[in-house]
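Residue numbers (the numbering used here): 278 to 569. Right, one structure below, let's go through it.
The following block contains the structure:
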């Protein structure tokens with residue numbers, strides 16, 4: 278048996294690496310990993326004092342846009358810089374800070390997996406994180422653009438590519454040849470990569486299935502979407518939806534891999550949540566055994 282292509286623990290094809298728990302990696306990142314500590318002021322605090330407190334927040338590693346409002350040890354509400362700006366014109370009276378009530382569905386556990394936050398962000402662009410019985414952090418949808426959010430998505434996409442590789446390997450082993458859809462230049466690159474990884478092997482003896490893990494994501498997308506049977510099985514509703522989704526995944530994966538903003542492609546929590554849901558559905562579909 279070619280040990281480059283199987284994991285002895287699960288007897289499953291896995292390219293030339295051990296089968297990695299990409300899904301577990303994506304689920305390992307928690308809400309607190311992208312959150313900011315949130316400071317607090319007493320409810321009797323004035324707008325001016327609260328503004329100063331918020332401005333100095335970063336010096337204590339706290340948010341510079343949100344504060345909790347407390348009555349002694351009890352949290353009675355919260356506020357944002359936007360709320361203070363609305364009252365800043367009344368500088369002569371310098372009134373007490375506004376108190377915005379906190380609703381139950383605005384609070385999430387600090388240990389909530391990042392991907393589970395996405396449906397919450399569809400309802401609330403900003404949420405509060407609970408550590409034990411205390412609200413300790415604040416999280417906005419924009420925080421998903423931090424490194425933990427990028428790694429979380431990259432890991433999910435890696436799981437998808439692994440399933441694509443496994444499916445293509447099965448298809449090739451069944452006698453079909455999805456590599457026929459690749460342009461000659463792309464196929465040559467796959468051969469070149471295989472030669473680098475296996476310098477002692479005869480290039481003429483390379484099997485087609487051995488080339489599958491030597492293809493890039495864009496090649497796998499080409500092979501899957503050009504195959505009418507595979508593409509139809511992955512389409513969610515409209516024909517061609519699988520190709521559109523995979524192209525979006527490729528673009529976002531490349532963006533986060535190069536450190537550019539996620540929001541150059543994603544515009545809203547709804548859009549990101551829908552993308553993740555479709556990717557997870559595609560992973561589930563690809564992981565099903567190919568009918569004999």
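Note that beta-carbon positions come from the ideal geometry of N, C-alpha and C, so glycine has one too.
{"Query": "Nearest-angstrom Cβ-Cβ length linking residue 497 and residue 542, presumed shorter than 8 Å", "Result": "Rounded, the Cβ-Cβ distance is 20 Å, inconsistent with contact."}
{"Query": "Where residue 316 falls, given that 16 or more other Cβ within 10 Å makes a residue buried", "Result": "buried"}
{"Query": "Coarse secondary structure for residue 555, derived from DSSP in three states", "Result": "helix"}
{"Query": "Cβ-Cβ distance between residue 371 and residue 324 below 8 Å", "Result": "yes"}
{"Query": "C-alpha gap between residue 451 and residue 481, whole angstroms", "Result": "21 Å"}
{"Query": "Nearest neighbour of residue 382, chosen from 517, 374, 397 and 389 [CA to CA]", "Result": "397"}
{"Query": "Nearest candidate by alpha-carbon position, reference residue 459, set 439, 501, 476 and 359", "Result": "501"}
{"Query": "In DSSP terms, what residue 311 is bridged to", "Result": "Answer is none; residue 311 lacks a bridge partner."}
{"Query": "Of the listed residues 420, 436, 392 and 551, nearest to residue 655 (C-alpha basis)", "Result": "Nothing can be reported for residue 655: it is not among the residues displayed for the chain, which extend from 278 to 569."}
{"Query": "Rounded straight-line distance, which links the Cα of residue 471 to that of residue 553", "Result": "32 Å"}
{"Query": "Inter-residue spacing [alpha-carbon to alpha-carbon] between residue 435 and residue 329", "Result": "44 Å"}
{"Query": "Residue 446 burial status per 10 Å Cβ neighbour count (16 or more: buried)", "Result": "buried"}
{"Query": "Segment limits, alpha helix (DSSP H) that includes residue 326", "Result": "324-332"}
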